[in-house]
Amino acid sequence: MRKKTVIIAAILIFLMLYALVFPEQPYIRSVIITACIFATLCQFYNICYGIVGISNFGFAGFMAIGAYTSALLATELHVPVVISMLAGTALAGLAGFILMIPCLRMHGFTPGIVTLAFAKIVQVLLSALKFTNGEMGYWGIIPLFSSKRYYLAFAILMVFATLLFVQYLMKSRTGLAFRIINDDQGVAESIGTPVNAYKLLAMALSCAGAGFGGAFYAHYLMTITPSLAGMSYTCEVLCMTMFGGLGTIAGPAVGAIIITVLTESLRFLQDYRTLTYGILLILLILFYPKGIMGLVEAVKNRYSVKLTRETEGGAKNAG
Amino acid sequence: MGGTGFMTILIQNLLNGLMMGMVYSMIGMGFSLIFGIVRVLNFAYGEFYMFASYLTFYLGIQAKIPIWIVFLINFVVLFLFGVLTEKVLINSLRNRTDSHGEHSGVIIATFGLQIVLQSAALLAFGGVYLGAASYTSGRYRLGELIIGKERLLMFSVSLVVIILTLLFMKFSKIGRAMRAVSQNRNAARLSGINVNKVYAVSFGLSSALISIAGTLLLPFYSTYPTVGTIAMDKAFAVTLMGGLGSIEGAIIAGPLLGILESLAASYVGNQIKEAVAFACVIIVLIVSPKGLGQLLKRKGGLKR
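Residue numbers (the numbering used here), protein chains in the order written: chain V, 1 to 319; chain A, 1001 to 1304.
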């Protein structure tokens, strides 16, 4: 265990140092940063949908809350960027917490669609209000770092921190409670788990993560539009998470990185890119409905089956 | 504006909302049908609308085929398209449920279908707005109230379609099977109902319903590759208010949404009417998590 920690820390430090001396290649850097942002978002998305089982189809709405809060605070009110990002995170988490209260009584897809309706409200308000600059979007956001190199290092740190956090969470009492709730809420209630409190916590945590990811995205791109709250971002995060493996610890991040690299590598198709992406998505889900982690498991199973067959064969031969 | 101005405007708004709302009912009904029977959230539902409205544009406006025939063609084409979607995409995934009990794979599949249809439309037709002026023009006057023939057409067509669908569900053999599956799919399967056929027919019927909405609303919203989001928003709002999977709820919630939108547009502002509609959805859900359908049942208003 301690050895593992050392190895992880060493890899992290190496990657971050490498990021700081990374050769000046803006395109590759932007792909890596985007992949890291989505990996973080997917990890947090997984907490509520994958681990606790609360559906959420309005995740992008919370991203937009974090992004706009942080951007407006930093740019209009000249709050230090670190504090404004934390404020965005907190506000998104609070919104998730409050929205979850009526959702406690709902099951299945219903909370998902309530959050979807909420994201829609956020999007409409952001495009209607004056101080967010409406449909045109808000630009000229104060950057977090002076150099893009630092963004890369920070993005890598962010992914590692999130992964470790989720791993720690899953091993803690809270994570245990989360998993029981997902498996059988009735059982969880009968053994005295405060189900509602845990659900509120999961949602607040997940939405705060969305807010943080959104805020980082805003300070990285320095331009945001109300479409950030739109369905397409939620769809992206949902697909990446499910592709990686819903409810697994590292799956969502893996899915996010693979899908980001995949969409970027399809750029040579130009106009046909999105079409190809959609078709690939359908084919992947038709053939590997359990995502990448399901695939890994299938390979493992096949391998172990082969092993047992071989030993059986060996036994026969011997006999 | 005279002394009676306020009341007239209010009633006019209610009337407009009611007529528009009937189309929303139809959209919501189709969405609820899939969710209630097949237990699938179809995120590509709006793209079926887009498909239908492009079809209407090219057949009805460009090729000048009479609108009644366009309705029929759309109905048949979209029905078959829905059945095809169910057979190819949904059916093979549905049987492999994961631990969540809900078909998360199906969600990605419908998202994928959405991306494919949208980008295919963009490649085929370009990103331009294509629209029709209107199918009929002119208006009836009723005292101080004005009833546009266009809206009357929308209202009556959707009402007829909704009633026909209800009759189909009530009296036809496959309609009864659909209701049985929505109540308890295992019991239905045990009593010899071909559940796969029911799923396919429900999917087809749902996309046929939205095809009619696509034809009716073409003069209002024109058509472009992402027009489906409008229909999707309406479908979500209506089904949420009415209760997911409840067909009666959708029928009641449609006019309600229409009226709310129309009131919000004239008293609050056109830009945030959508926000008002969705805020009302959330309020309804807080009061009654299973939607209006449940509220009615609790009061004893509807039996079965």
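All C-beta atoms in this analysis are idealised placements derived from N, C-alpha and C, irrespective of residue type, glycine included.
Remember, predicted model here, so these are calculated numbers, not experimental data.
Pick from the options that is closest to residue i, judged by C-alpha positions
i	options	result
L295 (chain V)	V:L266, V:G134, V:V254	V:V254
F44 (chain V)	V:Y27, V:T34, V:I33, V:M63	V:M63
I1252 (chain A)	A:M1007, A:I1011, A:M1022, A:G1005	A:M1022
I1174 (chain A)	A:L1164, A:N1186, A:I1193, A:V1160	A:I1193
S1246 (chain A)	A:L1014, A:Q1012, A:M1029	A:M1029
L17 (chain V)	V:K290, V:A155, V:R179, V:I181	V:A155
A229 (chain V)	V:M240, V:A210, V:L262	V:A210
S1119 (chain A)	A:A1044, A:A1180, A:F1171, A:V1076	A:A1044
V1131 (chain A)	A:L1078, A:F1035, A:F1220	With the sequence shown as reference, residue 1131 (chain A) is identified as Gly, and Val is not the correct amino acid for it. It is A:F1220 whose Cα lies nearest to the Cα of G1131 (chain A).
G66 (chain V)	V:T248, V:A90, V:A188	V:A90
L163 (chain V)	V:M136, V:G88, V:C42, V:I13	V:C42
Y68 (chain V)	V:Y277, V:G278, V:F178, V:N133	V:N133
F1111 (chain A)	V:L284, V:I257, V:L15, V:A117	V:L284
T276 (chain V)	A:F1075, A:I1065, A:L1123	A:L1123
T274 (chain V)	A:P1225, A:V1268, A:I1259	A:P1225
Y198 (chain V)	V:L176, V:K171, V:R302, V:A153	V:L176
G1105 (chain A)	V:N301, V:F160, V:F287, V:R302	V:F287
T110 (chain V)	V:L221, V:S55, V:Q185, V:G186	V:S55
A1250 (chain A)	A:L1010, A:L1015, A:Y1024	A:Y1024
I1027 (chain A)	A:R1176, A:S1207, A:F1168, A:A1277	A:S1207
Strand pairing of residue i, partner residues [DSSP]
i	result
L1307 (chain A)	Here chain A covers residues 1001 to 1304 and nothing more, so residue 1307 (chain A) does not appear.
Y1199 (chain A)	Looking at the DSSP assignment, Y1199 (chain A) forms no beta bridge with any residue, so it has no partner.
S138 (chain V)	The question names Ser, yet the displayed sequence has Tyr at residue 138 (chain V). Paired residue(s): V:I224.
DSSP state of residue i mapped onto helix, strand, coil
i	result
T320 (chain V)	Residue 320 (chain V) cannot be examined here, being either before or after the span of chain V that is shown, 1 to 319.
L246 (chain V)	coil
I224 (chain V)	strand
T1223 (chain A)	strand
L129 (chain V)	coil
N317 (chain V)	Residue confidence for N317 (chain V) is low, a pLDDT of 48 falling below 50, so the modelled location carries little weight and cannot support an answer.
G1002 (chain A)	With a pLDDT of 48 at G1002 (chain A), under the threshold of 50, the modelled position of that residue is not reliable, and no figure is offered here.
G288 (chain V)	According to the sequence as given, residue 288 (chain V) is Tyr; it is not Gly. The answer is coil: DSSP assigns Y288 (chain V) none of H, G, I, E or B.
I1152 (chain A)	The residue you asked about is not Ile; residue 1152 (chain A) is Leu in the sequence shown. Correct three-state label for L1152 (chain A): helix.
L1130 (chain A)	strand
S1099 (chain A)	Note on S1099 (chain A): pLDDT 42, under 50, position unreliable in the model; the coordinate value appears next. Residue state, collapsed to three classes: coil.
N46 (chain V)	helix
I60 (chain V)	The sequence as given places Ala at residue 60 (chain V); Ile does not occur at that position. Helix at A60 (chain V).
L104 (chain V)	coil
P252 (chain V)	helix
E189 (chain V)	helix
Y1135 (chain A)	coil
N1042 (chain A)	coil
E24 (chain V)	coil
H78 (chain V)	coil
F109 (chain V)	coil
P1255 (chain A)	helix
Q1271 (chain A)	coil
G1030 (chain A)	helix
D183 (chain V)	helix
S147 (chain V)	coil
K1064 (chain A)	coil
K1290 (chain A)	coil
Item to check | Residues, ordered as in the chain, of the region 1112 to 1135 of chain A that lie near chain V by beta-carbon distance below 7 Å | outcome: Along the region 1112 to 1135 of chain A, going in chain order, the ones with a CB nearer than 7 Å to a CB of chain V are G1112, L1113, I1115, V1116, S1119, A1120, L1123.
Item to check | Cβ-based contacts, 8 Å cut-off: residues of the region 232 to 257 of chain V near chain A | outcome: Going along the region 232 to 257 of chain V in chain order, one finds C235, L238, C239, M242, F243, L246, G247 with a Cβ nearer than 8 Å to chain A.
Checklist entry - the region 1265 to 1298 of chain A: which residues have C-beta closer than 7 Å to a C-beta of chain V, in chain order? => result Listed in sequence order: Q1271, I1272, E1274, A1275, F1278, A1279, V1281, I1282, L1285, I1286, P1289.
Checklist entry - Mind listing which residues of the region 260 to 279 of chain V have their C-beta closer than 9 Å to chain A's C-betas, in chain order? => result Here the close residues are D271, Y272, R273, T274, L275, T276, Y277, G278, I279.
Item to check | Interface positions of the region 51 to 78 of chain V facing chain A (Cβ-Cβ less than 7 Å), listed along the chain | outcome: So the list reads G53, given in the order they occur along the chain.
Next on the checklist: With three or more beta-carbon pairs closer than 8 Å as the criterion, would you say the region 1002 to 1021 of chain A touches the region 1141 to 1161 of chain A?
Outcome noted: Here the region 1002 to 1021 of chain A makes contact with the region 1141 to 1161 of chain A; the two share three or more CB pairs at distances below 8 Å.
Next on the checklist: Under 8 Å, with one C-beta from each stretch per pair, do the region 111 to 123 of chain V and the region 235 to 242 of chain V reach the 3-pair mark?
Outcome noted: Segments in contact, no.
Item to check | Three or more C-beta pairs below 8 Å linking the region 1053 to 1067 of chain A and the region 1176 to 1194 of chain A | outcome: Too few Cβ pairs lie closer than 8 Å, so no.
Checklist entry - Taking any Cβ of chain V, which residues in the region 1028 to 1048 of chain A have a Cβ under 7 Å from it, in chain order? => result Those residues of the region 1028 to 1048 of chain A that come within reach of chain V (Cβ to Cβ, closer than 7 Å) are L1041.
Checklist entry - Per the contact definition of three or more C-beta pairs closer than 8 Å, is the region 129 to 145 of chain V in contact with the region 73 to 93 of chain V? => result Yes, they touch.
Checklist entry - Should the region 1067 to 1084 of chain A be called in touch with the region 1207 to 1221 of chain A, which here means at least 3 C-beta pairs below 8 Å? => result Enough Cβ pairs lie closer than 8 Å, so yes.
Item to check | the region 284 to 299 of chain V touching the region 201 to 219 of chain V, judged by at least three CB pairs closer than 8 Å | outcome: Verdict: no, contact absent.
Item to check | Cβ contact check for the region 256 to 275 of chain V and the region 1085 to 1096 of chain A: 3 or more pairs under 8 Å | outcome: Counting Cβ pairs under 8 Å, fewer than three are found: no touch.
Checklist entry - Going along the chain, which residues of the region 173 to 190 of chain V sit with their C-beta nearer than 9 Å to a C-beta in chain A? => result Those would be N182, D183, in chain order.
Next on the checklist: Counting only Cβ-Cβ distances shorter than 7 Å, please list the residues of the region 1241 to 1260 of chain A near chain V, keeping chain order.
Outcome noted: Listed in sequence order: L1244.
Checklist entry - What residues in the region 1158 to 1186 of chain A bring their beta carbon closer than 7 Å to a beta carbon of chain V? => result The region 1158 to 1186 of chain A vs chain V, Cβ under 7 Å: nothing.
Item to check | Short-range partners of chain A found in the region 116 to 145 of chain V, where Cβ spacing is below 8 Å | outcome: For the region 116 to 145 of chain V, the residues whose beta carbon sits under 8 Å from a beta carbon of chain A are, in order, L116, A117, F118, K120, I121, V124, L125, S127, A128.
Checklist entry - Between the region 280 to 294 of chain V and chain A, which residues of the former have CB atoms less than 7 Å from a CB of the latter, in chain order? => result If the cut-off is 7 Å between Cβ atoms, the region 280 to 294 of chain V has L281, I282, I285, L286, P289, K290 near chain A.
Checklist entry - Between the region 1034 to 1052 of chain A and the region 1076 to 1083 of chain A, do three or more beta carbon pairs fall short of 8 Å? => result Taking a cut-off of 8 Å for Cβ pairs, the region 1034 to 1052 of chain A and the region 1076 to 1083 of chain A touch, as three or more such pairs fall below it.
Item to check | Members of the region 1185 to 1217 of chain A near chain V, C-beta cut-off 8 Å | outcome: So the list is empty, because no residue satisfies the distance condition.
Checklist entry - Name the residues in the region 93 to 106 of chain V whose C-beta lies less than 9 Å from a C-beta of chain A; which are they? => result Under the 9 Å Cβ criterion, the region 93 to 106 of chain V contributes L99, I101, P102, C103, R105, M106.
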